[in-house]
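Have a look at the structure below, then the notes.
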Amino acid sequence: MAPSTERRRLPREVREQQMLDAAVEVFSEYGFHAASMEEIAERARVSKPLLYLYLGSKEETFRACVARETDRLVDALGAATRAPAADEAERLWRGLTAFFTFVAERRASWSVLYQQARSHNDSVAEQLAQVRGEIVATVADLVLQAMRARAPEGGAPGYSTMRREATAVARALVGAADAMADWAVTNPSEAPQTTARRLMNLMWLGMERTARGERFTAPATEAASAAAQA
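Add 2 to a position in the sequence shown, counting from 1, and you land on the number used in my numbering.
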């Protein structure tokens, strides 16, 4: 479909965003391999040569989609967790709510990031791994601050021990958020705040008890078996 006169007059930045919008939809619906540049051009209402001129090959177009959507996700999380809050729990709650809101409002974007990009080539996988690492580090800082604030006086472990614990918990929490997001996509009637509350109930309450020094005690038979194998 030939572009209209009105679209030919659009600034390049605006036209590129429209092309990326169309590309995200097509990659989400068909997957990277089945998606075609012809379909993307048709949905963007531009010519195929213009699409190639602005975005490059299908591989380059896909990478541009991943880059834009990861930036949007990170910006949303950053704005939520940096906003004034009463404590770390409220910051985490806001971050999770922003995350699940992103998933709810941008289902095609989440499909590209979660289902398509993670199974793509090494360069895209590395791009996502770096972003995921930044998110884990942000969550680990929140968890560490909460642990230090709630640790009993005189009974708190050393900083390095608490940092390792916070990082492990953060990785588990981010992984759980990914799984909950995948579930939320198949349950669109649930509000993002409800999904966030589910995860806070599951993870944060347990973290608070851990910070106060509570620990799970394995059944005596399993503890004895583990000691015998050590």
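For each residue, glycine too, the CB sits at the ideal point set by N, CA and C.
Rounded distance between the beta-carbons of residue j and residue i, thought under 8 Å
i: L204; j: A170; result: That pair is no contact at about 16 Å.
i: W206; j: L94; result: 7 Å
i: V114; j: V26; result: 6 Å
i: T72; j: V133; result: 5 Å
i: M209; j: T197; result: M209 to T197, Cβ: 18 Å. No contact.
i: A91; j: A148; result: 7 Å
i: A24; j: R45; result: 4 Å
i: E131; j: A172; result: The sequence given here has Ala at residue 131, not Glu. The Cβ separation is near 15 Å, so there is no contact.
Enclosing alpha helix (DSSP H) for residue i [first to last residue]
i: E240; result: Shown here, the chain extends from 3 to 232; a query on residue 240 therefore has no answer.
i: H35; result: 14-36
i: M205; result: No alpha helix (DSSP H) holds M205; DSSP gives it neither H nor E.
i: L146; result: 124-152
i: A193; result: Note, A193: premise wrong, no alpha helix (DSSP H); not H, not E.
i: P51; result: 50-57
i: E62; result: 60-84
i: F102; result: 90-107
i: A46; result: 39-46
Top-ranked residue by Cα proximity to residue i, from the options
i: A37; options: L144, A142, T63; result: T63
i: M164; options: S111, E44, A151; result: A151
i: F101; options: D180, V114, F29, F34; result: D180
i: T140; options: T188, E192, A88, A82; result: A82
i: V187; options: Y32, L130, E107; result: E107
i: A127; options: E92, A69, M39, E40; result: A69
i: L22; options: Y32, R11, I42, P13; result: I42
i: A174; options: N189, G135, A193; result: G135
i: S125; options: R65, R199, S111; result: R65
i: R109; options: N189, L201, R14; result: N189
Residue i, buried or exposed, once every other Cβ within 10 Å from all chains shown has been counted against 16
i: S59; result: exposed
i: I137; result: buried
i: F104; result: buried
i: F34; result: buried
i: S191; result: exposed
i: L55; result: exposed
i: S6; result: Legend: pLDDT at S6 = 48, less than 50; position of this residue unreliable, value from coordinates given subsequently. By the 10 Å Cβ count, S6 comes out exposed.
i: V16; result: exposed
i: Q195; result: exposed
i: G160; result: exposed
i: S30; result: buried
i: E8; result: Residue confidence is low: E8 scores 44 on pLDDT, short of 50, so the model does not pin down where it sits. Its coordinate-derived value is still stated next. Exposed, by the Cβ-count rule.
i: A222; result: exposed
i: A168; result: buried
i: S162; result: exposed
i: A4; result: Because the pLDDT at A4 is just 49, under 50, the model does not fix this residue reliably, and the point stays unresolved.
Contact test: residue i Cβ vs the ligand COA heavy atom, cutoff 7 Å
i: L94; result: Because no ligand of any kind appears in the structure shown, any question about the ligand COA cannot be addressed here.
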